[in-house]
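Colleague:
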Amino acid sequence: MKKNELRNATHVRNFIFGVEDSLVSTVGLLSGIAVGGVARSQIVLTGMVLLFVEAFSMGVGSLLSEQSAREYLSHKETSLGGSLLDSIIMFTSYFVAGFIPLSPYFLFDPARASVLSVTLTLCALFLLGSVSGKFFGISVVRNGVRTLIMGGVATAVGVAAAMIIGK
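Residue numbers for the sequence shown follow the UniProt record's numbering, so the first one is 1 and each next one is one higher.
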């Protein structure tokens, strides 16, 4: 694999990881809070705090892990500059994608918003898989369904935990 291809693969990996993790984590947390009967304003506040904290944490985690991988491959210390773009991609993809499950809570009561949040998240997971399938030159539908199922199972675990713990 050429150096440029490896760099591009790293960027794509950080983007997909950021979007998927944000969708699943955010919808799980917000569902749990909504089941607990918390006011809509508190759900929105919690969601916003989650997006800022987690996006920053994921960005830093990406910076450190990509830096470590580069040093492992080169067997020498390297500058953080090469990993900075990956960190920005991770931060941005996580932060922006998190508004998909959060957005219904800006407009609707928690019961209705939670259903919309899960629905939008599942649609976004399918779209993420489909678009990446098109980008990779593989089956759009198969990749969309695979991402939907894998992310959907993770979403279901989060929502189920929220419902069980919230009662």
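No residue lacks a Cβ here, since even glycine has one placed at the ideal position from N, Cα and C.
In this structure, how does DSSP classify Gly137 when only helix, strand and coil are distinguished?
Modeller: In the structure shown, Gly137 sits in coil (DSSP, three-state: anything other than H, G, I, E or B).
Colleague: Give the straight-line distance between the Cα atoms of Leu6 and Pro101, rounded to the nearest whole angstrom.
Modeller: Between Leu6 and Pro101, the C-alpha separation is close to 31 Å.
Colleague: State the CB to CB distance for the pair Ala55 and Tyr94, rounded to an integer number of angstroms; the pair is presumed to be in contact (CB under 8 Å).
Modeller: Right, their Cβ atoms sit about 4 Å apart.
Colleague: Look at Val27 and Thr147 and say whether their C-beta atoms are less than 8 Å apart.
Modeller: Cβ atoms of Val27 and Thr147: not closer than 8 Å.
Colleague: What residue range does the alpha helix (DSSP H) around His11 cover?
Modeller: Here the alpha helix (DSSP H) through His11 covers Lys3 to Val35.
Colleague: Can you grab the Cα-Cα spacing for the pair Ile149 / Lys134, in whole Å?
Modeller: In a straight line, the C-alpha of Ile149 is about 18 Å away from that of Lys134.
Colleague: Got a sec? Which residues, its chain only, sit under 7 Å from Glu77 by beta carbon, not counting five neighbours each side?
Modeller: Taken in chain order, the residues that qualify are Glu71.
Colleague: To the nearest angstrom, how far is the alpha carbon of Ser22 from that of Val35?
Modeller: Taking the straight line from one Cα to the other gives about 20 Å.
Colleague: Can you give the Cα-Cα distance for Thr10 and Met163, rounded to whole angstroms?
Modeller: Their backbone Cα atoms lie some 36 Å apart in a straight line.
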